[in-house]
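Below is one structure, written out as structure tokens; the observations come after it.
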Amino acid sequence: MSKNPDERPIVAIAREELEDTVIADLQVLTRMATLVTGLPNAFVTLADPENLPVRGTEETYCARALQEDDVFVVENVRVDERTRAIAERRVNSKIVTYAGALIKSEDGRKLGTLCITDEVSRPLDEEQLQLLRGLARQAMNLLSLRQAKKELTAALEAMTRLATVDDLTGLLNRRAFMQETEKLQKLVARQQGTLCIAIIDVDRFKQVNDQHGHAAGDLVLKSVAKALRGSLRESDLVGRIGGEEFAVTLPFTSESNAFKRLEQLRLRVAEQNSEGIRVTISGGLSELGTAAVSDSLKRADAALYRAKATGRNRILLAGEGIFDSVDPMAA
11 MSKNPDERPI VAIAREELED TVIADLQVLT RMATLVTGLP NAFVTLADPE NLPVRGTEET
71 YCARALQEDD VFVVENVRVD ERTRAIAERR VNSKIVTYAG ALIKSEDGRK LGTLCITDEV
131 SRPLDEEQLQ LLRGLARQAM NLLSLRQAKK ELTAALEAMT RLATVDDLTG LLNRRAFMQE
191 TEKLQKLVAR QQGTLCIAII DVDRFKQVND QHGHAAGDLV LKSVAKALRG SLRESDLVGR
251 IGGEEFAVTL PFTSESNAFK RLEQLRLRVA EQNSEGIRVT ISGGLSELGT AAVSDSLKRA
311 DAALYRAKAT GRNRILLAGE GIFDSVDPMA A
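The working numbering numbers the first residue of the sequence shown as 11 and each following residue consecutively.
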């Protein structure tokens, strides 16, 4: 983009940096502006979404141009009544001739200006101004396309979130949890590590809903989800896979260490008091190995069933595992 000593060549929309591709395209437009008008300097100044001059353009010719609906042309900024005060304040400015074409969106929002300047007084004819208007429209198309891409990206991110995240707890939903666990399984296998998977269930959750209402039940689920996130490493996976059922994947963790961590989680939940309701959890733990994730979940689920059947508020290992935890208050 042509150098300009008095204005910022490219500024941010909504205080975000422009993408390199947009800057490159705007640079092409400024080079074209110098070619079609014969003036040596060209630049783009952008305004924020609220039509306020951006930082760096206050009391500048571009800020003045933003107030116009057409090209703002000044043959000599030092003598023109519209710009003389600005020129007097900008004593080091070399600008003499200034023309700024408004960059305006299709719905009328002022996005900025495409400007040309010279250090000597230069008149501009209508043909030159018309060409400058056309280039400003091209700048508008570039910026509108950028905004459309941003909106599309945001929409896709929202759709992805809806497809992968449980609305109530913010955890992975069942499908996303299974997919991410399968990825982790392959990663851990390549590094010859150990991977464990567990199912966690809120004890007597139906009673919570029946006695305190579904709103209280939702708060309980949120509190358990919060405890899960707070007890796990960033590399661990946690998801809500059913009504009151959660699942946890612990990569590079032995079965005994996984059990210890789940025990810490169980105790943490038992110490909480969500909405005056004492909540406990039960869990089943299985080493994942090379078996299908769904098969390992079934083994963990069988251990969970045993935990429920033998008193709740405990973590049991799949198969013949020891390390069973028991809380006499859970029965």
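Quick reminder that beta carbons are idealized off the backbone N, C-alpha and C, glycines included.
Quiz item: Does DSSP put LEU121 in a helix, in a strand, or in coil?
Solution: DSSP places LEU121 in the strand class (E or B) of the three-state scheme.
- Task: Could I get the ranges of all uninterrupted alpha helix (DSSP H) runs contained in the region 164–210, with 4 residues as the minimum, in chain order?
- Result: Secondary structure in the region 164–210: the alpha helix (DSSP H) runs of 4 residues or longer, each lying completely within the stretch, are 184–200 in chain order.
Buried or exposed (CB count within 10 angstroms, at least 16 for buried), LEU234: Looking at the sequence provided, one finds Val at residue 234 rather than Leu. Looking at its Cβ environment, which holds 16 or more other Cβ atoms inside 10 Å, VAL234 is buried.
message: What does the alpha-carbon distance come out to for the pair LEU172 and ILE251?
response: Straight-line measurement puts the Cα of ILE251 at about 15 Å from the Cα of LEU172.
query: From LEU62 to GLY118, what distance separates their C-alpha atoms?
result: At LEU62, the pLDDT of 45 sits below 50, so the modelled position is not reliable and the matter cannot be decided from this model.
With 16 other CB atoms within 10 Å as the buried threshold, where does LEU155 fall? LEU155 is exposed by the Cβ-count criterion.
Query raised in the report: What is the C-beta distance between ALA310 and ALA328, in whole angstroms, given that I count them as a contact (C-beta under 8 Å)?
Result: 6 Å between Cβ atoms; contact.
Notebook entry, point to check: Cβ of GLY321 within 7 Å of Cβ of ALA208?
Noted result: No, the Cβ-Cβ distance between GLY321 and ALA208 is not below 7 Å.
Item to check | Three CB pairs or more closer than 8 Å across the region 253–263 and the region 198–208 | outcome: The answer is yes - the region 198–208 touches the region 253–263, with three or more Cβ pairs under 8 Å.
Taking the beta strand (DSSP E) that THR44 belongs to, which residues open and close that run?
Looking at the DSSP string, THR44 is not in any beta strand (DSSP E); the run it does join, the alpha helix (DSSP H), is 30–47.
- Task: Please report the residue range of the alpha helix (DSSP H) in which ILE219 lies.
- Result: The question names Ile, but residue 219 in the sequence shown is Asn. Judged by DSSP secondary structure, ASN219 falls within the alpha helix (DSSP H) whose first and last residues are 215–222.
Mark ASP128 as exposed unless 16 or more other C-beta atoms lie within 10 angstroms of its C-beta, in which case mark it buried. Counting the other Cβ atoms within 10 Å of the Cβ of ASP128 gives 16 or more, which makes it buried.
Notebook entry, point to check: Comparing alpha-carbon positions, which option in LYS193, VAL230, LEU153 and ASN219 lies nearest THR179?
Noted result: Measuring from the Cα of THR179, the nearest candidate turns out to be VAL230.
On the three-state DSSP scale, how would you describe ALA235?
Residue state, collapsed to three classes: helix.
*Could you check which residue in GLN282, SER306, TYR108 and LYS120 has the C-alpha nearest to that of ALA237?*
When only C-alpha atoms are compared, the closest one is GLN282.
Pull up the DSSP beta-bridge partners for PHE82, would you. Secondary-structure assignment with DSSP links PHE82 through a beta bridge to GLY110.
Exercise. Where does the unbroken alpha helix (DSSP H) through ARG94 begin, and where does it stop?
Worked result: Run containing ARG94: 94–99, per the alpha helix (DSSP H) assignment.
Which residues in the same chain have their Cβ closer than 7 Å to the Cβ of ASP90, if we skip the five residues on either side of it in sequence? Taken in chain order, the residues that qualify are VAL84.
(request) Give me the Cβ distance between LEU112 and ALA73, rounded to the nearest whole Å; I'm assuming they're in contact under 8 Å. (result) Not a contact, Cβ separation roughly 12 Å.
GLU297 versus ALA268, LEU277, LEU139 and ALA257, residue with shortest Cα-Cα distance: Checked all of ALA268, LEU277, LEU139 and ALA257; the closest Cα to GLU297 is ALA268.
Item to check | Segment contact flag, the region 124–139 with the region 43–58, C-beta cutoff 8 Å, min 3 pairs | outcome: Output reads yes: the region 43–58 touches the region 124–139.
Exercise. May I ask you to report which of helix, strand or coil DSSP gives VAL383?
Key: Because the chain here runs from 11 to 341, residue 383 falls outside it and cannot be looked at.
(message) Quick check on the DSSP output: the alpha helix (DSSP H) that includes ILE262 runs from which residue to which?
(response) For clarity, residue 262 is Phe in the given sequence; the question names Ile instead. DSSP places PHE262 outside any alpha helix (DSSP H), giving it a letter other than H or E.
Note to self: Less than 7 Å between the beta carbons of LEU141 and VAL81, yes or no?
What the structure shows: In this structure, VAL81 does not lie closer than 7 Å to LEU141 by Cβ.
Checklist line | ALA52, enclosing alpha helix (DSSP H) - first and last residue | finding: DSSP places ALA52 in no alpha helix (DSSP H) but in the uninterrupted beta strand (DSSP E) bounded by 51–56.
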